[in-house]
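Below you'll find the structure, written out as structure tokens, and then a few comments.
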Amino acid sequence: MDSAARPLVAAEGGPVGSDGIDIAAVNEAQRRAQVSMLFSGRSPSEDEIRLALEREAFKAEHKGHEKKHFVMFLIFVAVLAMLPPTVRYWRRRHPVSYRLASIGSICLIPPYFALANQYFRFVTIWLIYAAANTYILYLATRTPLYPRTPRRIYQWFALTNKVSYMIFLIGMVLFCFCFFNAVPGLTDTELFVENSMLTVFYGLYFGLVSRDLVALCSEKMAATLGYAVSNGLPTKYLPHGVCCICGDELGNTSSRSNNSDRNSMSFEHIGEPSSSMTKEAPMEPTHKLECEHEFHACCIRGWCVVGKKDTCPFCLEKVNLAMFKRNPWDKQEMHYVSALEYMRFLVGWQPLVLMLLAGVFWVLGLE
Ligand SMILES: [Zn+2]
Ligand SMILES: [Zn+2]
Ligand SMILES: [Zn+2]
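Taking UniProt numbering, the leading residue of the sequence shown gets 1, the next gets one more, and so forth.
What follows is the structure, given as structure tokens:
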């Protein structure tokens, strides 16, 4: 596209004329003289000359392109305007392919660009993260599902969500610090700003991938168990006293209502060693929703809070998520979640759209 102006500085050892004078050097000097005249009176700096030269060359290269540029601009605006309704239509009509394309572009495009630009730190972290999540996906796709798997998975994603949120916050704080010049003894401000913005990016990127993957995992696990369905009525009979998120028995703890045992809803209870749950001591806390369906406390909390679902996994009745939000961080996180959606556009859809545009311009014979 147009942004790539040709390099202007004459290459060293360019073509040499018959009388031994470097032609490129002469041309260069002539161009410099012309450009210098633009700066009436005063003598321009090296940088100013270079910029002016680039501008002149850009103008020369695109002489008489006004109509072409206008058409390209129209196509660009049209594609941008079409993007949100297209994405919404796609999500409604083909949720499965939409989900896969969304996760695929978010997972694969950033490491591709990082590799191309040799950002090896990002690639290394991405590989470690990908290896861990491959194992998690492996666990989530086993048939039959091991009863401890759902809470393990929710525990893992609760951790990754929290860590990426923390990294995001740290990056934001660092960024604000250097914005207000509040770092004493800072010598390289540019590097500091760069690093804090990079930290924000890491926090957003891995948070986004975590959230998409946990949604994928919880749907896959629900489908394996067969009690919960994404639409319509459940097809499989749910025996009394069974948690439909993990398929395990609830134990005889149903008398302990969520009101008398609020502390049990915290994450510390997710992923306790399985030896703690034996037939002799079935003390696993449970939670009953307004629709009277009952689950293990850690299962339903994982489903709603970590998995971002606001319906009962069995009957799809709306769940009042406010009952899970007890710490002030949860409310602050709303800003983070909207930043994540922006991130999805930035690293997922935008590169795809730019590639699409480049393809359209190429087909139409535009530069
Ligand atoms: Zn042009
Ligand atoms: Zn359960
Ligand atoms: Zn229900």
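Each residue gets a CB set at the ideal place from its N, CA and C atoms; glycine is no exception. All values derive from a computational prediction rather than experimental measurement.
field: Range of the contiguous alpha helix (DSSP H) that encloses R286
entry: Looking at the sequence shown, residue 286 is not Arg but Thr. Unbroken run through T286 is the beta strand (DSSP E), T286 to K288; no alpha helix (DSSP H).
- request: Please confirm whether any heavy atom of ligand 2 lies closer than 7 Å to the CB of P150.
  value: yes
message: In the DSSP assignment, the alpha helix (DSSP H) including E294 goes from what residue to what residue?
response: E294 -> not in any alpha helix (DSSP H); beta strand (DSSP E) instead, spanning E294 to H296.
S275 versus I300: straight-line alpha-carbon distance, rounded: In this prediction, S275 has a pLDDT of 42, which is less than 50 and means its spatial position is unreliable; nothing more can be read from the coordinates.
message: If I measure Cβ to Cβ from C107 and keep anything under 7 Å in the same chain, skipping five residues before and after, which residues do I get?
response: V209
message: Contact defined as beta carbons within less than 8 Å: I believe S105 pairs with G348. What is the distance between those atoms, to the nearest angstrom?
response: 4 Å
task: Indicate whether the contact test is met: 3 or more Cβ pairs, each with one atom in the stretch 132 to 144 and one in the stretch 207 to 223, closer than 8 Å.
output: yes
- prompt: Could you give the residue range of the alpha helix (DSSP H) that holds H69?
  reply: H69: member of the alpha helix (DSSP H) spanning E66 to R93, first to last residue.
- request: Check the DSSP bridge columns for V242 and list the partner residues they point to.
  value: E249
Inter-residue Cα distance where the pair is L340 and M166: 14 Å
- prompt: According to the Cβ coordinates, are H293 and C312 closer than 8 Å?
  reply: The criterion of a C-beta distance shorter than 8 Å is satisfied by H293 and C312.
field: Anticipated Cβ contact below 8 Å, V26 with L53, distance rounded
entry: With 8 Å as the limit, V26 and L53 do not qualify as a contact, their Cβ atoms being about 15 Å apart.
- prompt: So is the beta-carbon of C107 under 7 Å away from any non-hydrogen atom of ligand 2?
  reply: no
- prompt: Can the beta-carbon of F201 be found closer than 8 Å to that of C178?
  reply: no
- prompt: Is the number of C-beta pairs between the stretch 234 to 248 and the stretch 148 to 155 that are closer than 8 Å three or more?
  reply: Result yes; three or more Cβ-Cβ pairs closer than 8 Å.
task: Say yes only if the C-beta of H293 is nearer than 7 Å to one or more non-hydrogen atoms of ligand 3, and no if none qualify.
output: yes
query: Could you check where the alpha helix (DSSP H) with Q350 kicks off and where it finishes?
result: Q350 to V363
Between the CA atoms of E190 and L169 - distance to the nearest angstrom: 20 Å
message: Going by DSSP in three states, A143 sits in which element: helix, strand or coil?
response: For the record, residue 143 in the displayed sequence is Thr; it is not Ala. T143 falls in the coil class under three-state DSSP.
task: Please classify S196: is it buried, with 16 or more other beta-carbons within 10 angstroms of its beta-carbon, or exposed?
output: buried
- request: Kindly indicate which three-state DSSP category D22 falls into: helix, strand or coil?
  value: strand
query: Within this structure, are the beta carbons of L127 and M221 separated by less than 8 Å?
result: No.
Cβ shell of D212 (< 6 Å), same chain only, five flanking positions each side left out: I103
message: Is the separation between the beta-carbon of G302 and that of Y135 shorter than 8 Å?
response: no
- prompt: Counting along the chain, where does the alpha helix (DSSP H) carrying Q155 start and finish?
  reply: T149 to F179
query: Short check: CB of L354 to CB of M72, under 8 Å?
result: Judged by beta-carbon spacing, M72 lies beyond the 8 Å limit of L354, meaning their Cβ atoms are not closer than that value.
- prompt: Looking only at DSSP bridge pairs, what is T311 linked to?
  reply: K318
query: Comparing alpha-carbon positions, which option in G207, A57 and E284 lies nearest G241?
result: Between G241 and the set G207, A57 and E284, the nearest pair of CA atoms involves E284.
message: The alpha helix (DSSP H) that contains N117, what's its start and end?
response: Annotation for N117: no alpha helix (DSSP H) segment contains it, and DSSP assigns it neither H nor E.
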